[in-house]
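Take a look at the structure set out below.
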Amino acid sequence: MGGGCLAKDLRLERRVAVKVMHEHLAEDENFTRRFEQEARSAARLAHPNLVNVFDQGHDAGRTYLVMEYLPSITLRDLLKQQKRLTIDQALEIGEAVLSGLTAAHRAGIVHRDLKPENVMLADDGRIKLGDFGLARAVSANTTTGQALLGTIAYLSPELVTRGIADARSDVYAFGIMMYEMLTGVQPFTGEQPMQIAYQHAHSEVPMPSLKSDEATPELDELVRWTTQREPDERPRDAGEALEYLSALRHGVLPPGATRVLPLSGLDGPSLTPSTTVLDGAQQDLLAAGATSIHETSALGAQPEVPTSAIAQAAAGGRRRARRGRIIAVLVVLAIAVAGGLGWWFGQGPGSQVSVPTVSGLEMDAAVAMLAEADLEANITECSSLDIAAGLAVSTEPATGTRLDRGSTVEVCQSTGPELIPVPTMVGLSLKDAKREIKANGFVFGSVLEERFSDQEDQVVLAALGTDGDALGDVYPEQGVVDLIVSAGGIPDVVGLSAEKATAALEDVKLVVDPALGSENYHAEIPAGDVISLTVNTDPVRPGDAVGLEISLGPELFEVPAVADLPLREAISALEAAGFTTRTNPLFTGVILDQAVATGTDPAAGERVPAGTEIYITGSLFG
Numbered sequence: 003m004g005g006g007c008l009a010k011d012l013r014l015e016r017r018v019a020v021k022v023m024h025e026h027l028a029e030d031e032n033f034t035r036r037f038e039q040e041a042r043s044a045a046r047l048a049h050p051n052l053v054n055v056f057d058q059g060h061d062a063g064r065t066y067l068v069m070e071y072l073p074s075i076t077l078r079d080l081l082k083q084q085k086r087l088t089i090d091q092a093l094e095i096g097e098a099v100l101s102g103l104t105a106a107h108r109a110g111i112v113h114r115d116l117k118p119e120n121v122m123l124a125d126d127g128r129i130k131l132g133d134f135g136l137a138r139a140v141s142a143n144t145t146t147g148q149a150l151l152g153t154i155a156y157l158s159p160e161l162v163t164r165g166i167a168d169a170r171s172d173v174y175a176f177g178i179m180m181y182e183m184l185t186g187v188q189p190f191t192g193e194q195p196m197q198i199a200y201q202h203a204h205s206e207v208p209m210p211s212l213k214s215d216e217a218t219p220e221l222d223e224l225v226r227w228t229t230q231r232e233p234d235e236r237p238r239d240a241g242e243a244l245e246y247l248s249a250l251r252h253g254v255l256p257p258g259a260t261r262v263l264p265l266s267g268l269d270g271p272s273l274t275p276s277t278t279v280l281d282g283a284q285q286d287l288l289a290a291g292a293t294s295i296h297e298t299s300a301l302g303a304q305p306e307v308p309t310s311a312i313a314q315a316a317a318g319g320r321r322r323a324r325r326g327r328i329i330a331v332l333v334v335l336a337i338a339v340a341g342g343l344g345w346w347f348g349q350g351p352g353s354q355v356s357v358p359t360v361s362g363l364e365m366d367a368a369v370a371m372l373a374e375a376d377l378e379a380n381i382t383e384c385s386s387l388d389i390a391a392g393l394a395v396s397t398e399p400a401t402g403t404r405l406d407r408g409s410t411v412e413v414c415q416s417t418g419p420e421l422i423p424v425p426t427m428v429g430l431s432l433k434d435a436k437r438e439i440k441a442n443g444f445v446f447g448s449v450l451e452e453r454f455s456d457q458e459d460q461v462v463l464a465a466l467g468t469d470g471d472a473l474g475d476v477y478p479e480q481g482v483v484d485l486i487v488s489a490g491g492i493p494d495v496v497g498l499s500a501e502k503a504t505a506a507l508e509d510v511k512l513v514v515d516p517a518l519g520s521e522n523y524h525a526e527i528p529a530g531d532v533i534s535l536t537v538n539t540d541p542v543r544p545g546d547a548v549g550l551e552i553s554l555g556p557e558l559f560e561v562p563a564v565a566d567l568p569l570r571e572a573i574s575a576l577e578a579a580g581f582t583t584r585t586n587p588l589f590t591g592v593i594l595d596q597a598v599a600t601g602t603d604p605a606a607g608e609r610v611p612a613g614t615e616i617y618i619t620g621s622l623f624g
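Every number in the numbering used here is 2 more than the matching position in the sequence shown, counting from 1.
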């Protein structure tokens, strides 16, 4: 239906997931309506096992949905990794899924697309059900058009044959998913979708124990109960299935005990005392005045009662037929108590109402919901880590409290996370900075990078928020703090040989790149040694490339020929060539003007460094 991406909520400085409808679908009113319905359906739900929806809207002709960002893998990813799960894993995930689904069903929402791809297994251990893109209000439980929505492998028989879905359809999809977790495969396969759909409509889901040696009879019973082809023979909603699964997971069921279900042509274990069930005759006897089963012993032995969890629920169907015979009596009784009900709800205890759940709602919607319950709203403010700014957080008195009609309820409006003063972290060691982050109510993210500096190794150079900017004076509670730390100083390699300099730089994870190097004459640094380090990044980080400037030694110049020149001219010529000169100390004053150069040391034509002292020999006799 749409694409998703990670984004940042600039107002609350948090990561969120944004789901955007594909452009080619935006012109389809049905798709747009379903997309917006997803937002409304999911926003009504607030549960630890459901992905939170924060916002929905339109921008530049595109319809979007803003949801909780949850670093995670899907149950499908886990199944691909392990093929099949352990019993503990299957029960833990199953309990979480049913818990979230129970909240949805109680809110009148059918998911309609329950499958492993929509079960999120967060990095922090949370398990959440998401993607209510196919969800619909229970009251609007039929498909539109000819298309069947949802994934064919998890479609209930009634959806396949009649296009009808209710809470029991989600229960069926859960049973299929439970089978897949326990066995590593789906119960029905085929080359064409219609082949799979036909099997859902006409075949019983096999017991997991036929594929897995670890599957217990209780797990077989759970899968068999939740995947009955007739909706009336399944749990009425996720909550009923959750009761059985939770009891199974936490060891509440006695050994060998199963849920009691109706006779459906399935053999099951014998009933234990904890699973005793009244058949229709027994129920009629009790209705006639018997106070217990034991009072009926004179009537003869009790008939065998079906013990499977599935068989008992079907027996309920037969009992419902008998109940029809007493409806007329109930109608008469209802008329008789109508007057009493009027007093109960008008002046008696029935005049009280329960405080509704408003957490996560827009304030206007929260106030309206309280008004519908005949309660007045008084808005206050409070910080919240989980609820976006501007939305309702909680009520005082709490949800579910019974109050007289017209009572005032305090509604806390979220101001977002509390802003906390930021401690100084620059200059601290990485270990001490992490301790400061935690102690002040923030969350350490990661070391974004290391940089070479004049600080010691692992000393904090900068602390950044999720926007990549330096932290200010205050920062939201539980906000993520990232750090930049020092990698220490770059080794001083001037004067070292090229080999030693390269080794020293590689020890600190710098890469010596010949392409960045050079060679130059140097009067003081011998040939082959390093003159300087060349860098092309600022700052320099481990892994960066650097170059070496290598000395060629001092530059050499040719000694000019000055023999037979007047001594004073010879001195001038050599000094002009960059050399210093020395001659016989007797050649001074008038004598210097009369002397003639006869040679040099070093001799003419030799190549020596600039500044070399040249000794000039001379004569007075030309």
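Glycine is no exception: its CB is placed at the ideal position from the N, C-alpha and C atoms.
Using a threshold of 9 Å, state whether the C-beta atoms of V598 and L567 are closer than that. The sequence position of residue 598 within the sequence shown is 596, counting from 1. The sequence position of residue 567 within the sequence shown is 565, counting from 1. Yes, Cβ-Cβ distance for V598 and L567 is below 9 Å.
CB contact flag (A105, A48, <9 Å): On the sequence shown, position 103 is the one that residue 105 refers to. On the sequence shown, position 46 is the one that residue 48 refers to. Yes, the pair counts as a contact, with Cβ atoms nearer than the cut-off.
Quick one, which of D475, A578, L87, T504 has its alpha-carbon nearest G519's? Position 517 of the sequence shown, counting from 1, holds the residue named residue 519. The shortest Cα separation from G519 among D475, A578, L87, T504 belongs to T504.
Identify whether V496 lies in helix, strand or coil by the three-state DSSP scheme. Mapped onto the sequence shown, residue 496 falls at position 494. Reduced to three states, the DSSP call for V496 is coil.
Whole beta strand (DSSP E) runs in the segment 564–604 with 3 or more residues, listed along the chain? Every beta strand (DSSP E) stretch that sits fully inside the segment 564–604 and reaches 3 residues is listed by chain position as 582–585, 598–603.
From what residue to what residue does the beta strand (DSSP E) around F446 run? Looking up residue 446 in the sequence shown gives position 444. From DSSP, the beta strand (DSSP E) with F446 extends over 445–453.
What residue from S158, L224, L569, T614 has the CA that sits closest to A243's CA? Along the sequence shown, read from residue 1 onward, the residue named residue 243 stands at position 241. Residue L224 is the option with its Cα nearest to A243.
Short Cβ contact (9 Å threshold) for H448 with A489: One-based indexing of the sequence shown puts residue 448 at position 446. One-based indexing of the sequence shown puts residue 489 at position 487. Note that residue 448 is Ser in the sequence shown, not His. Cβ distance not < 9 Å, so S448 and A489 don't count as in contact.
On the DSSP bridge assignment, give the partners of N380 in chain order. Translated into the one-based positions of the sequence shown, residue 380 becomes position 378. DSSP, once it has assigned bridges, lists E412 as partnering N380.
Assess contact between the segment 224–242 and the segment 165–175, defined as three or more Cβ pairs (one per stretch) separated by less than 8 Å. Is contact present? The segment 224–242 vs the segment 165–175: in contact.
With 9 Å set as the bound, which would you pick, yes or no: does the beta-carbon of L247 sit closer than that to a beta-carbon of chain B? The structure shown contains no chain B; it holds only a single protein chain.
If you measure between the beta carbons of V413 and V369, is that distance less than 9 Å? In the sequence shown, residue 413 corresponds to position 411, counting from 1. In the sequence shown, residue 369 corresponds to position 367, counting from 1. Yes, these two residues count as a Cβ contact at 9 Å.
Write down every uninterrupted run of the beta strand (DSSP E) in the segment 38–105 whose length is 3 residues or greater and which is fully enclosed by it, in chain order. If we require 3 residues or more, the beta strand (DSSP E) runs fully inside the segment 38–105 come out as 55–61, 64–70, 74–76.
Are three or more beta carbon pairs between the segment 117–131 and the segment 191–208 nearer than 8 Å? At 8 Å Cβ cutoff, the stretches do not touch.
In three-state terms, what does DSSP make of S629? Within the shown structure, residues of the chain are numbered from 3 to 624, placing residue 629 beyond reach of any answer.
Secondary structure of G177, DSSP reduced to three states: Start at 1 with the first residue of the sequence shown, and residue 177 comes out as number 175. Residue state, collapsed to three classes: helix.
Sequence-distant residues of its chain with Cβ nearer than 6 Å to N54 (five each side left out): Residue numbering aside, residue 54 sits at position 52 when the sequence shown is read from its first letter. Cβ contact annotation for N54 (same chain, cutoff 6 Å, sequence separation greater than five): E70, in chain order.
Cβ of K10 within 9 Å of Cβ of V18? Your numbering for residue 10 matches position 8 in the sequence shown. Your numbering for residue 18 matches position 16 in the sequence shown. With respect to V18, K10 sits close: the two C-beta atoms are nearer than 9 Å.
Outcome for L52 when other beta-carbon atoms lying within 10 angstroms are tallied against a minimum of 16: Numbered from its first residue, the sequence shown carries residue 52 at position 50. Per the 10 Å Cβ criterion, buried.
Quick test of your reading: L77 and L250, contact by CB under 8 Å. State the CB separation rounded to the nearest angstrom. Taking the first residue of the sequence shown as position 1, residue 77 is located at position 75. Taking the first residue of the sequence shown as position 1, residue 250 is located at position 248. With a Cβ gap of about 19 Å, L77 and L250 do not count as contacting.
For the segment 576–584 against the segment 538–547, are there 3 or more C-beta pairs whose distance is under 8 Å? No contact exists between the segment 576–584 and the segment 538–547.
Evaluate V360 with the Cβ neighbour count: other Cβ atoms within 10 Å of its Cβ, from every protein chain shown; 16 or more gives buried, anything less gives exposed. Working through the sequence shown from its first residue, we reach residue 360 at position 358. Under the 10 Å beta carbon count, V360 is surrounded by 16 or more other beta carbons and is classified as buried.
Between D57 and the rest of its own chain, which residues show a CB-CB distance below 6 Å, the 5 nearest in sequence each way excluded? If you number the sequence shown from 1, residue 57 lands on position 55. Hits under 6 Å: V68.
Alpha carbon to alpha carbon, how far is V476 from A1? Give it in angstroms, no decimals. Residue numbering for the chain in the displayed model covers 3 to 624; residue 1 lies beyond these limits and cannot be assessed.
Hey, how far is the Cα of V20 from the Cα of D406? Translated into the one-based positions of the sequence shown, residue 20 becomes position 18. Translated into the one-based positions of the sequence shown, residue 406 becomes position 404. Those two C-alpha atoms are separated by around 42 Å.
Rounded to whole angstroms, what is the Cα-Cα separation between K433 and L466? As a working mapping, residue 433 is identified with position 431 in the sequence shown. As a working mapping, residue 466 is identified with position 464 in the sequence shown. Going from the Cα of K433 to the Cα of L466 covers about 16 Å.
Work out the CA separation of P219 and R226 for me, nearest whole Å. Locating residue 226 in the sequence shown gives position 224, where the first residue counts as 1. Locating residue 219 in the sequence shown gives position 217, where the first residue counts as 1. Near 10 Å, if we compare the C-alpha coordinates of P219 and R226.
Proximity to V564 [Cα-Cα], best of E557, P556, S574, L558: The residue labelled residue 564 in the question sits at position 562 within the sequence shown. Measuring from the Cα of V564, the nearest candidate turns out to be S574.
Cutoff 6 Å; reference P237; Cβ partners in own chain excluding five residues on either side: On the sequence shown, residue 237 is found 235 positions in, with the first residue counted as 1. The residues are V173, A243.
Are there 16 or more other CB atoms within 10 angstroms of the CB of L507, so buried, or fewer, so exposed? Counting from 1 along the sequence shown, the entry for residue 507 is found at position 505. L507 should be labelled buried.
In chain order, what residues of the same chain have a beta carbon less than 8 Å from the beta carbon of E551, not counting five sequence neighbours either side? On the sequence shown, residue 551 is found 549 positions in, with the first residue counted as 1. Closer than 8 Å at Cβ, skipping near neighbours: G519, S520, E521, N522, V532, I533, S534, L535, T536.
My assumption, with CB atoms under 8 Å, is that L569 sits in contact with F589. Please give the rounded CB distance. To locate residue 569, count along the sequence shown from 1; it is residue 567. To locate residue 589, count along the sequence shown from 1; it is residue 587. Contact between L569 and F589 is confirmed by a C-beta separation of about 6 Å, below the 8 Å threshold.
I think M122 touches L80, with their Cβ atoms under 8 Å apart; what is that distance to the nearest whole Å? Numbered from its first residue, the sequence shown carries residue 122 at position 120. Numbered from its first residue, the sequence shown carries residue 80 at position 78. Separation of the CB atoms of M122 and L80 is rounded to 11 Å, and the pair is thereby denied contact status at 8 Å.
Distance, E479 Cα to H107 Cα: One-based indexing of the sequence shown puts residue 107 at position 105. One-based indexing of the sequence shown puts residue 479 at position 477. Answer to the nearest angstrom: the Cα atoms are 34 Å apart.
Which residues bound the beta strand (DSSP E) around I618? In the sequence shown, residue 618 corresponds to position 616, counting from 1. It spans 615–621 - the beta strand (DSSP E) in which I618 sits, taken as one unbroken run.
Inter-residue Cα distance where the pair is S205 and E182: On the sequence shown, residue 205 is found 203 positions in, with the first residue counted as 1. On the sequence shown, residue 182 is found 180 positions in, with the first residue counted as 1. Between the C-alpha atoms of S205 and E182 there is a straight-line separation of about 17 Å.
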